[in-house]
Structures are given as C-alpha cells and as structure tokens.
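Shown next, in structure tokens, is the structure this report addresses.
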Amino acid sequence: MKPDVAVAPNLFDAYADPTIIGTLVLANLMSDRLWDLSARVPAAGDDMVSQVSAARRVVDRYFLHVTPVQTAAVFGTLHLSEEAERVGGGYVEDAAAKIVENLEYRIANGLLDADVAGLDLMRAGQFPAYGYTNLDMLHAERKSLGRVGGRPQGITSCLDEVALFAALLMTRATFPIAGFTLLSSPVHYTAFGFSATDAWWFYGKNRLYLGEDFRRMVDTDFGGDANSAWAHVMGGLDRITTRRGTFDLVAGTSAVPSADLLRIATAMDGFFGARLTPLADALDARVEEVATSPCDALLHECLHLSGAAEVRATIVAAASMPGPQHGSAQEVLLAYRSLEVDDPNAYLVASRRSPIVRDLAARVTTVTDALDLLARVTGDRPVLQDRNRVALAAETWRLRTGSDREKAILLHSLLATRFGDVESLLADDASFVRVASTCLRASDGVEVPLPEPGSVRRRLRLPVPQQS
C-alpha cells in the first residue's frame with residue numbers, strides 16, 4: 001500500500017486493500033495502552049466464550065462508536081469524485097452505493113434514525129470522512145467530542161473495533177482457536193471465530209453472538225431463513241479475511257488457502273444455520289488463488305509475544321532489515337505513527353488529504369495567516385505522549401495540542417499549497433519550518449536562524465500539488 005494510506009487509511013482505502021486490517025492490529029499490539037487494557041479485563045475463564053466475551057466488554061466499555069453525522073461534524077467530508085480518482089478500481093463507487101443502499105434499508109426498517117444517517121451528504125457526492133487509526137490515537141481523539149475524562153475513552157468505527165478486538169484476543173487467548181476471520185462488506189466489519197467445540201460472531205462493540213444465539217434469532221424472527229436474517233443484520237458479505245489474506249467474494253480471488261477456506265465455510269454453515277448465499281455463489285464460481293498477505297508472518301510471530309515492548313522490538317527489527325517483512329513492518333510503523341520510518345514524508349501526504357486541513361489551508365494567503373492558525377494550538381503536549389511519534393495536522397488542530405514536530409507538520413501543511421518552497425526540519429531539541437528564505441520555529445512560530453545541519457534528523461518536503 002502507499003505509505004500515506006498506511007498512516008491514515010479511510011473507508012475506501014480499506015475496501016480496496018484489506019491488508020490494512022492486519023497493519024492496524026499490529027500497530028495496536030505495539031501500544032502499551034492495549035496491553036494495559038488487556039490486563040484490566042476482569043478475570044475470565046480459559047474457555048473461548050469467556051475470553052471473547054471479556055474482550056468484547058472492553059471494546060464496548062472504553063470506546064464510542066460514532067454516527068455518520070457525528071463523523072462528518074468531527075472529521076469533515078470527502079468528495080467522492082476525488083476519492084474515486086485517488087483510489088481507483090471502482091472501489092469508491094461500489095462502496096458508496098452499497099452503504100447508501102444499506103442506510104436506506106435501515107431507515108425504512110426502523111433500525112436507524114434518518115437524522116443521523118447523513119444520506120443527504122452522500123447523495124450530494126460527499127461522504128463522512130471515516131478513517132481508521134491506532135489505539136493511542138483513538139484514545140487521544142476522545143477530546144474531539146469534548147470528553148476528556150471518564151468514558152468513553154475514544155472514538156471508533158467498526159473496523160477500529162474489530163482491529164482492537166483482534167489485538168486484545170492476541171494478548172489474552174489461552175485456548176486453541178481453530179479459526180479467526182473477518183466477515184465484512186463496505187457496510188460493516190465483523191469478526192467470526194471457532195474452535196473444535198464452539199463458535200462466536202463479534203458483530204460490534206455492543207453485540208456478540210454465541211452458541212445458538214443467531215440460529216435462535218433466525219427461527220424466532222425470520223421463519224428459519226438464515227439468509228434473510230443475515231441480510232437484515234449485516235447487509236452484505238464480500239470479504240472474508242484471515243491472517244493469511246483475503247477471499248474476495250466478488251472478484252473471485254483468494255489468499256486464504258483452500259483447506260482453510262473450507263474449514264471456515266463449514267464452521268459458518270453450522271453457526272449461521274445455512275450456507276450464506278454470497279459465500280455459496282463465490283465458492284461455486286472459479287476461485288483464483290493469489291499470494292498470502294504480507295502481514296502474515298509478522299502476525300504469526302507477534303502472536304507468541306507477551307508485551308508491547310517485545311512487539312515493538314520485533315516490528316522495528318523487521319523494518320530495519322532487508323527481506324520480505326521489511327515493507328509490511330514499515331507500514332506498521334507508519335500506522336503506529338513512528339518517525340523512525342523510511343518515508344516520514346508520508347505524514348505530510350496523509351495530513352494534506354484531510355478535508356479539515358484543506359479547508360484551513362484555503363484560508364491561508366500569507367505566512368502570517370498560517371501562523372495565526374498555528375497560534376490557536378496552545379498546548380505543547382505531544383498528542384501521542386511521545387515526541388518520536390506524530391499526530392497528523394488535522395489531529396493536532398482538533399485537539400489543540402502537539403509537540404514541536406506535530407506543530408511543524410501542521411504549519412507545513414497549511415503553507416504547502418500556497419507556497420512552493422516549504423521544508424520541515426526536525427532537529428534534536430526543536431523543529432522548524434522553512435518557507436522560502438524564512439525559518440520559523442514550529443513551537444511558537446517565531447522567525448529564527450536556520451538550525452545547524454548536523455542537528456537536523458529529519459527533513460520533510462514534498463512537491464506542491466498541481467492547482468486545477
């Protein structure tokens with residue numbers, strides 16, 4: 001995937017490239033907060049049902065799932081035509097059409113209030129800027145809704161919740177899971193797992209189906225028709241994703257080995273009470289085998305580790321060595337927001353994609369305009385509590401705090417569209433943004449001499465995007 005997509009994937013990026021999911025799981029496993037959350041899970045039995053139930057309660061208790069209207073209010077909106085050109089492959093058009101269709105169905109059936117669905121925006125060619133990120137950034141985002149203390153502790157969407165749930169299980173599972181897979185469509189991401197004796201379906205933070213729960217609902221509410229129940233609850237199925245990779249039911253390609261795919265299909269048949277029609281149709285057609293996920297080996301290795309420090313050491317080691325895991329490990333570090341990456345310019349590219357930053361940058365005609373906006377970020381505490389990790393420009397702006405390095409990325413992003421010659425200089429003890437012949441200290445916007453070249457550890461610079 002492109003480096004800026006690893007940094008800040010949105011809904012359409014994840015639909016186009018499901019390997020993003022494994023990247024997010026690994027970034028979460030690097031977080032001390034994830035392992036702290038795992039340790040605070042109430043004591044659970046060693047059986048699978050107890051473990052998955054405990055993990056589900058953590059996700060539900062500590063995180064808030066936001067509606068489309070709330071998402072648009074906090075994160076802005078994407079232009080579908082621009083996203084379609086950026087992502088390509090018809091993914092944006094397909095995903096947007098399926099989401100609108102599902103929202104219309106849910107409103108018509110009393111499952112969703114039309115006031116929070118955001119359909120008017122979507123029909124006008126805009127889309128709430130759903131994005132996915134690591135646990136530490138989710139935790140920081142609690143301030144976006146004015147919730148600094150208490151619960152919820154962060155803002156999530158369904159893919160965030162699944163990535164958190166999967167990471168929690170990797171820290172805690174003491175039982176043999178024969179299969180762990182994601183069942184998803186552009187509408188929703190869920191997790192399904194099974195062992196030799198049990199199965200479960202994590203529909204979301206507030207719903208977990210165990211044992212015969214789903215079949216009981218099928219018999220009670222849908223006259224025994226499992227496919228009608230699935231369509232009503234889930235709204236579709238076009239991806240089955242495991243550690244090994246993804247079975248794309250629409251494209252007919254699979255990175256999941258055929259034996260694993262058969263085990264998953266058989267377990268799903270038993271759990272849901274019938275073979276789901278999208279799966280049956282896909283398996284009846286010719287399935288083309290493709291390469292396994294580049295995250296596979298890293299996920300397997302991290303499954304056996306016992307703490308965030310061990311995971312970080314494993315990822316950093318893989319990222320620093322040539323070989324098949326190098327690219328995947330670099331993507332995980334980008335998702336984790338580390339500055340110790342091959343291409344830190346990715347943080348600028350991702351920042352400048354934000355609708356919030358684009359709107360702010362449109363207000364900048366002079367350097368003073370940009371400095372006036374920077375001055376409104378009054379806090380100096382790093383968003384991610386670590387000067388060697390960085391929030392993006394919109395995140396620093398919304399939370400009104402940031403390290404010198406985060407403020408440099410914000411200032412650079414505000415200046416880059418208007419001024420062609422802009423460079424960020426990240427030095428040992430301070431950061432600077434050079435625009436033409438002027439050097440600005442990022443922490444306070446004061447003009448200063450250029451830092452000594454030997455003190456500069458990272459230089460961030462990108463060409464100005466073409467004006468249309």
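Here the working numbering is used: the first residue of the sequence shown is 1, the next is one more, and so on. For every residue, glycine included, the Cβ atom is placed at its ideal position computed from N, Cα and C.
Own chain partners of residue i with C-beta closer than 8 Å, once the 5 adjacent residues on each side are dropped
| i | result |
| --- | --- |
| Asp428 | Ser455, Arg457 |
| Leu34 | Asn28, Leu135, Leu164, Ala167, Leu168, Thr171, Ala308 |
| Pro324 | Pro294, Ala297 |
| Thr190 | Cys158, Val162, Leu182, Leu183, Ser184, Trp201, Phe202, Tyr203, Gly204, Met234 |
| Asn388 | Ser338, Leu339, Glu340 |
Reduced DSSP category for residue i - H, G, I as helix; E, B as strand; rest coil
| i | result |
| --- | --- |
| Arg243 | coil |
| Arg363 | coil |
| Ala436 | coil |
| Gln51 | helix |
| Gly118 | coil |
| Val419 | According to the sequence as given, residue 419 is Phe; it is not Val. If DSSP states are grouped into helix, strand and coil, Phe419 belongs with coil. |
| Asn28 | helix |
| Leu298 | helix |
| Thr401 | strand |
| Asp248 | strand |
| Thr368 | helix |
| Arg381 | coil |
| Thr396 | helix |
| Ser228 | helix |
| Glu340 | coil |
| Asn10 | strand |
Sequence-distant residues of the same chain with beta carbon closer than 6 Å to residue i, five excluded per side
| i | result |
| --- | --- |
| Gly76 | Ala129, Pro355, Ile356 |
| Gly150 | Residue placement at Gly150 is flagged as unreliable, the pLDDT there being 49, under the threshold of 50; a coordinate-derived value is accordingly withheld. |
| Asp13 | Val5 |
| Leu37 | Val58 |
| Val332 | Thr23, Leu26, Ala27, Ile315 |
| Tyr15 | Tyr91, Ala95, Pro186 |
Endpoints, alpha helix (DSSP H) assigned at residue i
| i | result |
| --- | --- |
| Phe214 | 213-221 |
| Tyr203 | Note, Tyr203: premise wrong, no alpha helix (DSSP H); beta strand (DSSP E) at 199-204. |
| Tyr130 | Premise fails: Tyr130 is in no alpha helix (DSSP H) and is neither H nor E. |
| Leu334 | 326-336 |
| Pro3 | 3-7 |
| Asp428 | Taken as a continuous stretch (DSSP letters only), Asp428 belongs to no alpha helix (DSSP H), as it is neither H nor E. |
| Pro278 | 277-284 |
| Val446 | Segment: none, Val446 is in no alpha helix (DSSP H) and carries neither H nor E. |
Beta bridge counterpart(s) of residue i as assigned by DSSP
| i | result |
| --- | --- |
| Tyr189 | Ser184 |
| His304 | Answer is none; His304 lacks a bridge partner. |
| Arg207 | Gly204 |
| Phe475 | With the chain running from 1 to 468 in the structure shown, residue 475 is simply not present. |
Cut-off 7 Å between Cβ atoms - residues of its own chain near residue i, not counting five sequence neighbours on either side
| i | result |
| --- | --- |
| Ala84 | Val92, Glu93 |
| Leu305 | Val311, Thr314 |
| Ala255 | Arg244, Gly245, Thr246, Val290, Ala291, Thr292, Ser293 |
| Glu447 | Thr438, Cys439, Leu440 |
Endpoints, beta strand (DSSP E) assigned at residue i
| i | result |
| --- | --- |
| Glu141 | It is not in any beta strand (DSSP E) - Glu141 carries neither H nor E in the DSSP assignment. |
| Leu78 | 77-79 |
| Arg389 | Where Arg389 is concerned, there is no enclosing beta strand (DSSP E), given that its DSSP letter is neither H nor E. |
| Arg458 | 456-460 |
message: Is it the case that the segment 231-243 contacts the segment 184-191, given that we only count it when at least three CB pairs across the two stretches are under 8 Å?
response: Yes, since at least three Cβ pairs between the segment 184-191 and the segment 231-243 fall closer than 8 Å, the two stretches touch.
Touch test, the segment 214-234 against the segment 271-283, Cβ-Cβ under 8 Å, three pairs minimum:
The segment 214-234 is in contact with the segment 271-283.
ask   = Taking contact to mean at least 3 C-beta pairs separated by less than 8 Å, is the segment 155-162 in contact with the segment 59-75?
value = With a cut-off of 8 Å, the segment 59-75 and the segment 155-162 count as touching, because enough Cβ pairs lie within range.
Between the segment 357-370 and the segment 105-122, do three or more beta carbon pairs fall short of 8 Å? Taking a contact to require three or more Cβ pairs closer than 8 Å, the segment 357-370 and the segment 105-122 do not qualify as touching.
| request: Say whether the segment 371-381 touches the segment 401-411, bearing in mind that this needs 3 or more beta-carbon pairs closer than 8 Å, one atom from each stretch. | output: The answer is yes - the segment 401-411 touches the segment 371-381, with three or more Cβ pairs under 8 Å.
query = At a cut of 8 Å, does the segment 339-352 reach the segment 91-110 through at least three beta carbon pairs?
reply = No, the segment 339-352 is not in contact with the segment 91-110.
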